[in-house]
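Residue numbers (this note's numbering), protein chains in the order written: chain A, 1 to 209; chain B, 1001 to 1283; chain C, 2001 to 2444. Think of the CB as a built atom: it goes at the ideal place given N, C-alpha and C, for glycine as much as any other residue.
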Amino acid sequence: MEFTLEQYFALMFGLIFTQNFVLSQFLGLCPFFGVSKNRESAIGMGCAVIFVMTMASVVTMLIYKGIFLHPALKEYHMEQYLDIVSFILVIASLVQFVEIVLKKVAPALYQTLGIFLPLITTNCAVLGVTQMKLTELADPSYSLAQAVWYQGLLGVFGGIGFTLAIYLMAGVRERLESAPIPESMKGMPIAFLAGCCMALAFFGFQGFI
Amino acid sequence: MDIIAIITPVIIMAVLGAILGLVLAIASKKFHVVVDPRTEEVTEVLPGVNCGACGFAGCAAYAEGIVVKGAEINLCAPGAAAVVEKIANIMGMTASATEPNFAVVQCDGDGVRPRFKYSGVSTCKAASVMGLAGSFQACPYGCLGLGSCIEACPFGAMKLNANNVVEIDEDLCAGCGKCVEVCPRNLIRLDPESRVIVVRCQNHDKGAKANKACNHACIACQKCVKECPFDAIHIVDNLAVIDYDKCKLCGKCVNVCPKNLIMNIRSERKDRRADRINRENAL
Amino acid sequence: MKKLFQGGVHPHDYKEYSKDCPLKKAEIPKLITIPLQQHIGAPAKACVAVGQNVKRGTVIGEAGGFVSAAVHSSVSGVVKRIESITHPMGMKCQGVVIECDGLDEWEVGCNTPLKENEEFTPDEIKTAVIWAGIVGMGGATFPTHVKLSPPPEKKIDTVILNGVECEPFLTADHRLMLESPKTICIGLDLLVKQLGAKKAYIGIEENKPDAFAVIDKTLKEMGSLAEAKLLRVMYPQGAEKQLIFACTGKEVPSGGLPMDIGVCVSNVATAHAIYEAVYLRRPLTERVVTVTGSGVKNPANYIARIGTPARVLLEMSQFDEVATNKLIYGGPMMGAAHFDLEMPVNKGMSGIVALTDQKAFNYSPCIRCSRCVDACPMGLLPSEFSILGEKGMYLNTKEYNVADCIECGCCSYICPSRRPIVQWIKVAKGELAKERAKKQAAKK
């Protein structure tokens, strides 16, 4: 089955705006609030998430469709109980990989991301994107290559949507730094409120697609 | 269900795990970063206030500085001797004892009399943007009393006294020097503990003018200069200045100063020191 | 259609106090104090000794570098002492105290008028400007000869004279234009000749129609290529970049200088000084100072010697020392409030404003009404500066281009919360400069 150009566009626009992982589906809130203190680390986090999401999408789809749904192994119905286990394995390894690379290449970013970097593993947005269209792409009407390609696109655009959200949030929170906020609302409470308002704003994209 | 249905997924997962593990192993070899475990240990020992007295960006940076760049181990002001000793243990060096520093305010204004009303940003830095002309007090050299140093102090050791001049609580002062940096009038100085004779005025105006500005202003009367047996006190630009290289801390100048602005804080410090040691021992 | 820069405010100009007061020679006091730092750049180096006899025009401070200017004695007398004084800008600097002998003689070689129609080469003009120690007399006190020495790749094609005087209260330039239009126009011609410019303007605001008429007439009589431009009234039109836009429609790029777009701006008083330096061989020893405000009985425009204490001028105007509770050196928008009546007149002091019934206000939080943003003639966000400044986050202001701020004071003027925005900006600029110095030191 081939996607039309409109469908590609819908996929992109949907994942970045209408179905934004953070602001519409409320997945991956942990790093969204954890590392949105300044724009620089937010962009770093965003890039790490884009990488992990894309790679995870591709690899998990390969495993899912290539192994679990392989005609020779189909009788064992592994796709019914082994998907999440194996996906988490893949995601965790990818995150480890990113961590190792970042530690060497960008130690400063590694420092600022801190605990939130290994926590991408449990970022439900990553697992979410691999699960999102799983049943649909499992359909035999998609070839393996097609399924991997579409899943990969899901990963890329999902990651971009996440980056957009966290970058905007970081901008807002940088401004909040200098705002006169009541003592009890400082820090996370006001960040939650700001996140709420931003989610409401993104709700306005609803109905576009 | 036969046994193969159980074995197959196990094998698949095992192979998957092995492959991913291999990739990670290769990656960690390829992107290996050498970390000296001592860095962490030293970070652990440091007080963690990130005051910056050592000249590094924070405690972690100082730890790295010690371990990697071989910085001096006795730079931590808040930690004082105890921390130096611990670092020395980790690094396998011998601790050289350093004398703790204290911040000293060189102003003892007796009621900093306002010359005109100041309405504007109430931080010392902003008030002194206009230089000496921005001085809203009678004494253009003294403490502004707007408390920028109080805000800057990471240890809460500074407060305003009844005369609206800042005072240092030496129990809390760790000698980090944050206040020295922020004071736009350069009134605060870091002194080693033994330096107990202090001139608490910075007024460089001539005697008559200084006298008008403040009751505790140096009028350059030369009494202390004449009294000093070691030639350690001089009048520089209308202000008594002690040359601590020559000063033997005899305290004679303290007795002759007609304005009581040369002070001996030895006895106070002694008590404090005893207190401090007692408390440290109790801990 | 007259061009107008964006933003700006429209304070009442209060010029009625002193605009009809003809120029009057100020008394020469017994003691005058001449600061050696009367310009932006390196301070002048004292080159007289205590006890030395000086005459009017004697060089008492040599220029301390390229961006610096010589300082001359403004009276004849004896040097009493050279001491550290408080400069009207607030810092300490060296000052030469001269006791006048009342003879008021000129130094040899000074005050030797030349014929009106004498021709000068550009180099001769520049030498005369350097010799006379001329600086921008609108208040910025930037040494004029630096403006006259643009790098060769930057060709100046337009000269603009600033006769805007947009600060409320001040009428010094206004009176000068009315009473001495000829010298100003000749001074402008000298500038044009020196820089080889093709166009020249004198910008005058609509609230000075008499000055415009006189200048316009003089320029036409002289057959000068310069053109008098009537501009709409708006503060801060007298700021360099705003004036350039109003006269030519060109914009100076951020962080750039007028010479980057081929423009040179000077004050009318500076042009007058250049005329005096070139044709009359008189160094800069006096300037017009407006003494005005509700705190003086007889507002006036004085021709005061550099170094005259403000008290002398104020007393000539029957200053009410009790009722006055705010004394401003310069205009009320950009000038500095002072407490010291002994502050000497310097090359950039265009007025002394004594105000009564001034209240001290406490400022309130920013309500984000954005009136300062609308008023900012540089298109900046003053509210951000004030908010960041309040939190002590001065270094973050760099992102909002605090360096482009001209400190005109529109934002503080218009702020309904009475926030001292310019003060925060000044602190922020200082902090950023410190940070830069630190970084440079670290690099070395």
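query, result
"Cross-strand partners of Cys1054 (chain B) (DSSP beta bridge)", "Paired residue(s): none; Cys1054 (chain B) is not in a bridge."
"Range of the contiguous alpha helix (DSSP H) that encloses Tyr8 (chain A)", "Leu5 to Phe13"
"Those runs of the beta strand (DSSP E) which lie wholly inside the region 2058-2108 of chain C and span at least 3 residues", "2059-2062, 2077-2086 and 2092-2100"
"Assigned exposure category for Met169 (chain A) - 16 Cβ within 10 Å defines buried", "buried"
"Chain A contact for Ala1027 (chain B) (CB, 8 angstroms cutoff)", "yes"
"His1234 (chain B): first and last residue of the uninterrupted beta strand (DSSP E) it sits in", "Ile1233 to Val1236"
"Alpha-carbon spacing of Ser1028 (chain B) relative to Ala92 (chain A), whole angstroms", "15 angstroms"
"Under 7 angstroms by beta carbon: chain A residues contacting Leu2388 (chain C)", "Ser178"
"Rounded distance between the beta-carbons of Ser141 (chain A) and Met1 (chain A), thought under 8 angstroms", "5 angstroms"
"Straight-line Cα distance separating Met2137 (chain C) from His2272 (chain C)", "10 angstroms"
"Coarse secondary structure for His2338 (chain C), derived from DSSP in three states", "strand"
"Opposing strand residues paired with Leu2355 (chain C) [DSSP bridges]", "C:Lys2326"
"Beta-carbon proximity check, Ala2226 (chain C) vs Tyr2201 (chain C), cutoff 8 angstroms", "yes"
"Close-in-space but distant-in-sequence residues of the same chain around Thr2127 (chain C) (CB under 6 angstroms, 5 per side omitted)", "none"
"Interface partners of Lys103 (chain A) on chain B, CB under 8 angstroms", "Phe1031 and Val1033"
"Sufficient close CB pairs (3 or more, under 8 angstroms) joining the region 2133-2152 of chain C to the region 2034-2042 of chain C", "yes"
"DSSP-derived helix/strand/coil call for Val2214 (chain C)", "helix"
"As assigned by DSSP and simplified to three states, the class of Pro1114 (chain B)", "strand"
"Segment contact, 8 angstroms Cβ cut-off, at least three pairs: the region 2252-2271 of chain C with the region 2145-2161 of chain C", "yes"
"Beta carbon proximity, Phe1116 (chain B) to chain C, threshold 8 angstroms", "yes"
"Backbone secondary structure at Gly2163 (chain C) - three-state DSSP", "strand"
"Beta-carbon proximity list for Leu2432 (chain C), same chain, < 8 angstroms, skipping 5 on both sides", "Tyr2394, Leu2395, Thr2397, Lys2398, Val2402 and Ala2403"
"Residues within the region 2413-2425 of chain C neighbouring chain B, beta-carbon criterion of under 7 angstroms", "Pro2420, Gln2423 and Trp2424"
"Residues from the region 2370-2402 of chain C in contact with chain A, defined by Cβ distance under 7 angstroms", "Ile2387, Leu2388, Lys2391 and Met2393"
"Chain-order list of residues whose beta-carbon lies under 6 angstroms from that of Ala223 (chain A) (same chain, five-residue window excluded)", "Outside the displayed range of chain A (1 to 209) lies residue 223 (chain A), so it cannot be described from this structure."
"Under 8 angstroms between C-beta atoms of Ala1174 (chain B) and Pro1078 (chain B)", "yes"
"Gly2307 (chain C) to Lys2326 (chain C) span [Cα, whole Å]", "22 angstroms"
"Distance CB(Asn1163 (chain B))-CB(Asp1205 (chain B)) smaller than 8 angstroms", "no"
"Proximity test, Cβ basis, 8 angstroms: Gln151 (chain A) and chain B", "no"
"Exposure of Pro180 (chain A), with buried meaning 16 or more beta-carbon neighbours within 10 Å", "exposed"
"Ile1012 (chain B) at chain A interface by Cβ criterion, 8 angstroms", "yes"
"Heavy atom of the ligand PLP within 7 angstroms of Gly2136 (chain C) beta-carbon", "Only the bare structure without any ligand can be found here, which leaves the ligand PLP out of the picture."
"Contact check, Gly2331 (chain C) vs Thr2292 (chain C), beta carbons under 8 angstroms", "no"
"Close-in-space but distant-in-sequence residues of the same chain around Glu1167 (chain B) (CB under 8 angstroms, 5 per side omitted)", "Val1105, Met1158, Lys1159, Leu1160 and Asn1161"
"As assigned by DSSP and simplified to three states, the class of Thr1976 (chain C)", "Residue coverage of chain C in this structure runs from 2001 to 2444, which leaves residue 1976 (chain C) outside it and unanswerable."
"Any C-beta of chain B under 8 angstroms from that of Ile67 (chain A)", "yes"
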